[in-house]
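Quick note on the working numbering: the sequence shown kicks off at 5 and runs consecutively.
Every residue, glycine too, gets a C-beta built ideally from N, C-alpha and C.
Working notes for the structure below.
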Amino acid sequence: MLKRERWPSKIIFIFAAVGSAVGLGNVWRFPYLAGKYGGGAFLIPYLLMLFILGIPLLIMEFAIGQKMQLGAVGSFGNIKGKLSGIGLSGVLSGFVVVSYYAVVMSWCLLYIIYSLTLKWGDNTKEFFFSNVLHMSESVDSIGFISVGILFALILVWAMIYFSVWKGVKSVGKVVLVTMPLPIILLLILLIRGVTLPGAMDGIIFYLKPNFEALLDLEVWSAAMSQIFFTLSLAFGIMIAYASYRHVESDIAKSAITISLVNSGISIIAGFTVFSTLGYMSLKSGVDISELAASGPALAFIVFPKALSLVPFAPFFAVLFFVMLITLGIDSAFSLVEAASTVISDRCPHLRRQDISLYVCVFGFLTGIIFTTFAGLHYLDIADHFITNYALVIVGLLEVLAVGWLYGADKLRDYINKVSDIKIGKWWEVLIKYIIPVFLVFLLVTTIHRDIMRPYEDYPHWALFVFGWLVVIVVLGASFIFSYFSKHEHRK
Ligand code: PHE
Numbered sequence: 005m006l007k008r009e010r011w012p013s014k015i016i017f018i019f020a021a022v023g024s025a026v027g028l029g030n031v032w033r034f035p036y037l038a039g040k041y042g043g044g045a046f047l048i049p050y051l052l053m054l055f056i057l058g059i060p061l062l063i064m065e066f067a068i069g070q071k072m073q074l075g076a077v078g079s080f081g082n083i084k085g086k087l088s089g090i091g092l093s094g095v096l097s098g099f100v101v102v103s104y105y106a107v108v109m110s111w112c113l114l115y116i117i118y119s120l121t122l123k124w125g126d127n128t129k130e131f132f133f134s135n136v137l138h139m140s141e142s143v144d145s146i147g148f149i150s151v152g153i154l155f156a157l158i159l160v161w162a163m164i165y166f167s168v169w170k171g172v173k174s175v176g177k178v179v180l181v182t183m184p185l186p187i188i189l190l191l192i193l194l195i196r197g198v199t200l201p202g203a204m205d206g207i208i209f210y211l212k213p214n215f216e217a218l219l220d221l222e223v224w225s226a227a228m229s230q231i232f233f234t235l236s237l238a239f240g241i242m243i244a245y246a247s248y249r250h251v252e253s254d255i256a257k258s259a260i261t262i263s264l265v266n267s268g269i270s271i272i273a274g275f276t277v278f279s280t281l282g283y284m285s286l287k288s289g290v291d292i293s294e295l296a297a298s299g300p301a302l303a304f305i306v307f308p309k310a311l312s313l314v315p316f317a318p319f320f321a322v323l324f325f326v327m328l329i330t331l332g333i334d335s336a337f338s339l340v341e342a343a344s345t346v347i348s349d350r351c352p353h354l355r356r357q358d359i360s361l362y363v364c365v366f367g368f369l370t371g372i373i374f375t376t377f378a379g380l381h382y383l384d385i386a387d388h389f390i391t392n393y394a395l396v397i398v399g400l401l402e403v404l405a406v407g408w409l410y411g412a413d414k415l416r417d418y419i420n421k422v423s424d425i426k427i428g429k430w431w432e433v434l435i436k437y438i439i440p441v442f443l444v445f446l447l448v449t450t451i452h453r454d455i456m457r458p459y460e461d462y463p464h465w466a467l468f469v470f471g472w473l474v475v476i477v478v479l480g481a482s483f484i485f486s487y488f489s490k491h492e493h494r495k
């Protein structure tokens with residue numbers, strides 16, 4: 005048996021895990037949710053879910069990976085052979101995510117070039133949809149491939165490949181730059197943002213609570229899925245990363261630190277985004293709530309516009325898109341690592357470079373569908389279904405497997421043996437009872453919502469092909485895999 009690779013140091017492991025957690029979800033998804041669901045009041049469900057769901061689950065994933073010294077498939081396979089499918093479904097879901105995440109990064113890459121001349125002009129919306137995406141009128145017509153995006157996508161995948169090609173050895177070096185750099189850029193943009201006229205109005209909008217929103221169940225389910233997404237849970241990433249640590253490494257303190265840093269950055273990103281929107285609202289006369297509600301368009305439509313109003317616009321625009329791409333890259337390659345780890349556990353004779361190459365080429369090829377003229381629609385649907393169904397189901401199966409089959413008490417004993425901070429019995433209660441109930445609730449409310457009204461009113465065929473079918477294939481393949489798996493107990 006080959007010796008398992010190791011992180012060069014504890015701090016580099018923390019950098020890599022923070023790098024995975026902190027991504028587009030912090031700077032773009034979180035502020036948008038906060039704006040949509042009651043400003044400051046969204047922080048209440050968000051923080052509650054961080055403590056009830058996020059931190060306990062991160063502790064669990066770290067513990068499982070570190071204890072078993074294997075990626076997600078092997079770790080669950082070690083609990084019971086037939087459970088290996090749980091790990092596989094997480095990794096396959098992550099694979100779908102990285103195939104479109106890389107496409108969003110390729111837009112960022114193009115926008116770095118556009119920033120130099122503020123090429124988007126006055127109508128940033130028209131520019132994004134027509135000139136960049138060549139978006140088709142409806143989801144029914146796939147059109148052609150946008151060549152510019154395709155080239156950018158090749159570059160993005162080359163960057164991802166060279167970050168991971170030697171596994172944790174190369175990841176350990178790359179994260180030294182890709183973790184801190186975007187945070188520094190975010191702070192520069194924060195200072196720029198809060199010193200603009202009108203910034204205060206934006207910040208008030210961000211922080212002023214609308215307590216009525218708390219009565220809306222949708223807010224709570226949005227907070228839950230955001231916590232899942234932002235901490236990169238259930239994709240097998242944190243399990244894979246932890247498996248490259250020594251069995252005696254500290255778990256609880258690392259998980260708590262990473263979670264708090266990640267949410268801290270989301271909250272800071274909120275200040276940056278809303279202060280800039282406050283300025284834009286002052287300049288353009290458009291209401292802040294309208295600007296904030298633009299959702300995914302925030303980064304490519306509202307922000308380019310806002311930044312072009314600021315003095316030294318090209319400079320700040322370049323900073324913004326360099327920030328997005330460096331934010332995204334370590335999240336993207338963490339997904340590749342989760343998959344490569346699983347393959348490498350199974351086929352130790354394959355060279356790591358080759359495994360990384362296969363995963364990257366395959367990810368690139370899958371992503372091509374999202375570079376077509378209808379790509380944004382497909383991306384939106386795939387994202388909705390993977391994050392709202394596949395992940396929640398994987399998360400649920402994970403806690404049930406650990407809580408009831410492996411034994412939450414046994415895992416807690418292990419965590420407390422190696423950790424500086426000791427966790428109490430409450431953790432077992434959360435893993436065995438409370439988190440499963442919350443996840444079932446999340447699943448039921450989303451299914452109910454999607455049945456009452458098809459997601460974003462997309463046609464049924466599109467929701468089926470890019471949504472349900474993707475989820476069915478991911479879960480079905482894992483189920484079949486499980487069925488044929490043997491019990492390979494090693495620990
Ligand atoms: N956690 C990342 C973010 O917030 C997203 C991500 C999800 C990264 C899943 C990897 C895997 O943007």
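In the DSSP assignment, find the unbroken alpha helix (DSSP H) run with residue i in it and report its ends.
{"i": "F232", "result": "221-234"}
{"i": "D349", "result": "317-350"}
{"i": "N420", "result": "412-422"}
{"i": "L211", "result": "203-211"}
{"i": "G152", "result": "151-168"}
{"i": "K309", "result": "307-312"}
{"i": "T280", "result": "256-288"}
{"i": "N82", "result": "76-83"}
{"i": "E4", "result": "Within the shown structure, residues of the chain are numbered from 5 to 495, placing residue 4 beyond reach of any answer."}
{"i": "Y393", "result": "Run containing Y393: none; DSSP gives neither H nor E here."}
{"i": "D358", "result": "356-371"}
Using a threshold of 7 angstroms, is the CB atom of residue i nearer than that to any non-hydrogen atom of ligand 1?
{"i": "N30", "result": "yes"}
{"i": "A25", "result": "yes"}
{"i": "L47", "result": "no"}
{"i": "T276", "result": "no"}
{"i": "L74", "result": "no"}
{"i": "V101", "result": "yes"}
{"i": "I272", "result": "no"}
{"i": "I419", "result": "no"}
{"i": "T370", "result": "no"}
{"i": "T345", "result": "no"}
{"i": "S263", "result": "no"}
{"i": "I329", "result": "no"}
{"i": "L200", "result": "no"}
{"i": "F325", "result": "no"}
{"i": "F304", "result": "no"}
{"i": "I241", "result": "yes"}
Give the straight-line distance between the Cα atoms of residue i and residue j, rounded to the nearest whole angstrom.
{"i": "N266", "j": "G29", "result": "10 angstroms"}
{"i": "K173", "j": "E9", "result": "8 angstroms"}
{"i": "N392", "j": "S229", "result": "7 angstroms"}
{"i": "R451", "j": "V441", "result": "Sequence check: residue 451 is Ile here, not Arg. Near 15 angstroms, if we compare the C-alpha coordinates of V441 and I451."}
{"i": "Y418", "j": "I241", "result": "21 angstroms"}
{"i": "V143", "j": "L380", "result": "9 angstroms"}
{"i": "A76", "j": "F155", "result": "32 angstroms"}
{"i": "D334", "j": "I484", "result": "31 angstroms"}
{"i": "A238", "j": "L61", "result": "9 angstroms"}
{"i": "L313", "j": "L189", "result": "19 angstroms"}
{"i": "G23", "j": "F215", "result": "33 angstroms"}
{"i": "W430", "j": "L54", "result": "15 angstroms"}
{"i": "F325", "j": "Y382", "result": "23 angstroms"}
{"i": "S482", "j": "G89", "result": "4 angstroms"}
{"i": "K436", "j": "W408", "result": "7 angstroms"}
{"i": "N82", "j": "M72", "result": "7 angstroms"}
{"i": "S247", "j": "G69", "result": "5 angstroms"}
{"i": "M456", "j": "V251", "result": "48 angstroms"}
{"i": "S344", "j": "G206", "result": "43 angstroms"}
{"i": "S3", "j": "M204", "result": "Here the chain comprises residues numbered 5 to 495, so residue 3 is not present and cannot be evaluated."}
{"i": "K40", "j": "I305", "result": "17 angstroms"}
Take residue i and list the residues in its own chain whose beta-carbon comes closer than 6 angstroms to its own, dropping the five residues that flank it on each side.
{"i": "T280", "result": "G197, A310"}
{"i": "P308", "result": "W124, T128"}
{"i": "G471", "result": "I385, F389"}
{"i": "I16", "result": "G176"}
{"i": "G399", "result": "A238, L443"}
{"i": "V478", "result": "S93, L96, S97, A394"}
{"i": "E65", "result": "M242, I243"}
Which same chain residues end up closer than 7 angstroms to residue i when comparing Cβ atoms and leaving out the 5 residues on each side of it in sequence?
{"i": "S263", "result": "L54, G58, I59, L62, L235"}
{"i": "I192", "result": "L323"}
{"i": "L211", "result": "G43, G44"}
Original post:
So does the region 348-362 actually touch the region 371-383, counting three or more Cβ pairs closer than 8 angstroms?
Top reply: Flag = no, the region 348-362 and the region 371-383 do not touch.
**OP:** Answer yes if the region 385-405 comes into contact with the region 96-116, meaning at least three C-beta pairs across the two stretches below 8 angstroms, and no otherwise.
**Re:** Contact between the region 96-116 and the region 385-405 is present: 3 or more CB-CB pairs across the two stretches fall below 8 angstroms.
Original post:
Can at least three beta-carbon pairs, one atom from the region 336-351 and one from the region 85-99, be found at a separation below 8 angstroms?
Top reply: In short, these stretches touch, since the Cβ pair count reaches three.
**OP:** Specify whether the region 134-141 and the region 321-334 touch according to this definition: at least 3 beta carbon pairs, one from each stretch, less than 8 angstroms apart.
**Re:** At 8 angstroms Cβ cutoff, the stretches do not touch.
**OP:** Determine contact between the region 253-262 and the region 176-191, defined as no fewer than three beta-carbon pairs at a distance below 8 angstroms.
**Re:** Between the region 253-262 and the region 176-191, the count of C-beta pairs closer than 8 angstroms stays below three; the two stretches do not touch.
Original post:
Any contact of the region 211-227 with the region 41-52, i.e. 3+ C-beta pairs under 8 angstroms?
Top reply: In short, these stretches touch, since the Cβ pair count reaches three.
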